[in-house]
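Here the structure comes first, spelled out in structure tokens, and everything after it is commentary.
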Amino acid sequence: MKAIAYYASLPINDPNALQDIELPAPVAGPRDLLVEVKAISVNPVDTKVRQNVAPENGAAKVLGWDVAGVVKAVGSEVTLFKAGDKVFYAGSLVRPGGNSELHTVDERIVGHMPKSLGFADAAALPLTAITAWELLFERLQVREGKQDEGQSLLIVGAAGGVGSILTQLASQLTALKVIGTASRPETQEWAKALGADLVIDHSQPLSEALKAAGHAQVTHVASLTQTDHHLDQLVEALQPQGKLALIDDPKALDVSKLKRKSLSLHWEFMYTRSMFETPDMIEQHNLLNRVAELIDAGTLKTTVGEHFGVINAANLRRAHALLESGKAKGKIVLEGF
1 MKAIAYYASL PINDPNALQD IELPAPVAGP RDLLVEVKAI SVNPVDTKVR QNVAPENGAA
61 KVLGWDVAGV VKAVGSEVTL FKAGDKVFYA GSLVRPGGNS ELHTVDERIV GHMPKSLGFA
121 DAAALPLTAI TAWELLFERL QVREGKQDEG QSLLIVGAAG GVGSILTQLA SQLTALKVIG
181 TASRPETQEW AKALGADLVI DHSQPLSEAL KAAGHAQVTH VASLTQTDHH LDQLVEALQP
241 QGKLALIDDP KALDVSKLKR KSLSLHWEFM YTRSMFETPD MIEQHNLLNR VAELIDAGTL
301 KTTVGEHFGV INAANLRRAH ALLESGKAKG KIVLEGF
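In structure tokens form, the structure reads like this:
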């Protein structure tokens with residue numbers, strides 16, 4: 001099968017940073033689906049792994065943790081899917097990625113694809129939807145409906161991949177006042193279009209920007225980028241006994257700054273369930289099916305920012321370069337081999 005992989009961690013402008021190769025087709029395990037990959041999207045985790053994780057023993061390492069495709073075969077213990085089903089999922093960090101014509105994945109982290117979307121639009125959703133859903137409803141413990149009326153959520157990086165779906169979930173499914181941050185006119189408009197009640201500029205001190213906008217403090221913060229850079233401002237912006245959740249990888253974080261206000265800290269890493277095969281691993285299957293229903297009902301919309309063409313090494317190198325620039329808006333998708 002065709003695949004895109006790397007053999008050494010190289011700068012993205014090196015033609016060997018990602019290469020077109022041929023690999024043997026994978027075989028489904030007992031709980032696996034064998035999926036014909038139709039479309040993928042690219043995430044910051046792809047660039048981080050490529051830059052920091054050397055392939056073992058000179059083997060090819062395949063990235064890619066957002067897939068939409070069709071089930072070709074199922075393992076002997078599979079109960080949730082059958083051949084021919086259209087699916088979408090983010091996969092597992094401890095298994096090969098999905099930048100290949102065929103891919104195997106545990107059924108418990110796979111959802112039925114939204115009926116109203118094509119493969120490319122569906123591929124934009126799984127990783128960011130799982131991350132945003134778990135962060136909002138499981139880590140921050142926000143409740144659906146009107147129960148949290150009067151409370152507020154500051155989303156740092158509201159126009160990025162996770163921010164684009166988190167903004168929608170919070171504005172459509174909860175009573176929170178949603179305040180997004182974005183630094184450029186086009187990303188500010190993007191966040192507003194996705195449902196943010198207010199958008200402030202994160203290139204300015206956040207607590208001061210909030211006060212200037214008439215919101216001295218918030219009850220919840222979702223910090224999706226540069227948490228270490230913004231920490232003092234986030235502590236200042238949070239009400240006493242507020243909640244701070246993050247998804248990025250700060251080199252250091254002085255959590256003692258949270259003590260005076262009794263702030264709670266929550267880390268969201270959507271691979272935890274698949275990496276450790278937790279007893280509740282199937283919750284990712286359930287939430288992806290719920291996201292598909294919300295898409296088909298028109299409550300949520302896909303967050304595609306750019307379509308980069310067919311799935312090959314050259315187009316994936318372009319996608320990695322855009323992500324590394326920090327200027328991506330929404331999700332980058334690729335489709336077909």
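The opening position of the sequence shown corresponds to residue 1 in full-length UniProt numbering, with each subsequent residue numbered one higher. Here a beta-carbon is modelled for each residue, glycine too, at the ideal position from N, C-alpha and C.
* Ser76 beta carbon less than 9 Å from that of Met1 -> no
* Using a threshold of 9 Å, state whether the C-beta atoms of Leu166 and Ala175 are closer than that. => no
* What is the DSSP secondary structure of Trp133, counted as helix, strand or coil? -> helix
* Asked: Among residues of its own chain, excluding the 5 on either side of His220, which ones have a beta-carbon nearer than 6 Å to its beta-carbon?
  -> Leu140, Leu153 and Lys243
* To do: Report all residues from its chain with a CB closer than 7 Å to the CB of Ala209; omit the five preceding and five following residues, and keep chain order.
  => Ile200 and Asp201
* **Residues bridged to Gly145 [DSSP beta-bridge criterion]** => Thr174
* Evaluate Ala252 with the Cβ neighbour count: other Cβ atoms within 10 Å of its Cβ, from every protein chain shown; 16 or more gives buried, anything less gives exposed. => exposed
* Go to Thr219, then tell me how far its beta strand (DSSP E) extends in each direction, as first and last residue. => Val218 to Ser223
* Asked: beta strand (DSSP E) containing Ala83: first to last residue?
  -> Premise fails: Ala83 is in no beta strand (DSSP E) and is neither H nor E.
* Asked: Can the beta-carbon of Ala17 be found less than 9 Å from the beta-carbon of Pro11?
  -> yes
* To do: Starting from the Cα of residue 344, find the closest Cα among Arg184, Glu283 and Asp32 and give me that residue.
  => With the chain represented from 1 up to 337, any question about residue 344 goes unanswered, as that position is not in the structure.
* Asked: Is DSSP giving His215 helix, strand or coil here?
  -> coil
* **alpha helix (DSSP H) segments (min. 4 residues) lying fully within the region 17-89** => 44-52
* Asked: What does a CB cutoff of less than 7 Å around Val49 pick up in its chain, not counting 5 residues either side in sequence?
  -> Leu63
* Asked: Within the chosen definition, does the region 63-74 reach the region 32-45 through at least 3 CB pairs nearer than 8 Å?
  -> yes
* Asked: What are the partner residues of Trp267, as DSSP defines its beta bridges?
  -> Leu246
* Would you tell me roughly how many angstroms separate the C-alpha atoms of Lys257 and Val235, rounded to the nearest one? => 7 Å
* Could you check where the alpha helix (DSSP H) with Thr187 kicks off and where it finishes? -> Pro185 to Ala193
* Leaving out the 5 sequence neighbours to the left and right, which residues in its chain are closer than 6 Å to Lys192 when beta-carbon positions are compared? -> Val199
* To do: Quick one: grab the DSSP three-state call for Gly161.
  => helix
* Between which two residues does the beta strand (DSSP E) harbouring Glu335 extend? -> Lys331 to Glu335
* Say whether the region 113-127 touches the region 53-63, bearing in mind that this needs 3 or more beta-carbon pairs closer than 8 Å, one atom from each stretch. => no
* **Candidates Val304, Asn52 and Pro15, of which the one nearest Gly161 by Cα** => Val304
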